[in-house]
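Chemist:
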Amino acid sequence: MGHSRRATSKAPHLDEYSWHGNRHTFASRLAMAGVDLLTIKEVGGWRTLAMVQRYAHFAPGHLQAAVERLVSPQQGAVELARN
Numbered sequence: 319m320g321h322s323r324r325a326t327s328k329a330p331h332l333d334e335y336s337w338h339g340n341r342h343t344f345a346s347r348l349a350m351a352g353v354d355l356l357t358i359k360e361v362g363g364w365r366t367l368a369m370v371q372r373y374a375h376f377a378p379g380h381l382q383a384a385v386e387r388l389v390s391p392q393q394g395a396v397e398l399a400r401n
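Plus 318 on top of the position in the sequence shown (first one is 1) and you've got my numbering.
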C-alpha cells in the first residue's frame with residue numbers, strides 16, 4: 319500500500335472514504351458537464367455502457383437545471399421557428 323493511501327486510511331475524518339468512490343465521482347462529474355456516455359466509457363476504461371450508467375450519477379439539482387434550460391433559454395441560444 320502506498321504512503322498516501324496508508325495515511326488516508328488512518329485519517330479519522332475519512333472513515334467513509336473509499337478509493338472506489340473516485341470512479342463514481344469521475345463519471346458523474348463528466349456526465350453533469352455534458353460529456354456523452356460513450357466518451358466517459360472510453361476515458362474511464364469501462365467495457366460497457368451499462369457499467370458507465372451504474373457509475374454516472376447525477377446530482378439532485380442537475381436534472382431540474384436541464385429542464386429549466388427549456389423554459390429559460392440562455393442568451394445566444396437558437397430559437398425555434400414559430401408557425
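Glycine included, each C-beta is placed from N, C-alpha and C at the ideal position.
All values reported here derive from a predicted model rather than from experimental measurement.
1. Could you check the C-alpha separation between S390 and Q382 for me, to the nearest Å?
2. Can you list, in chain order, the residues of its chain with a C-beta nearer than 8 Å to that of V370? Leave out the 5 residues immediately preceding and following it.
3. Could you pull the start and end residues of the alpha helix (DSSP H) that Y373 belongs to?
4. Can you check whether the CB of A349 is closer than 8 Å to the CB of A270?
Modeler: Well, looking at it:
1. 12 Å
2. A345, L355, I358, K359, G362, W364
3. 367 to 373
4. In the structure as shown, the chain starts at 319 and stops at 401, and residue 270 therefore has no counterpart that could be examined.
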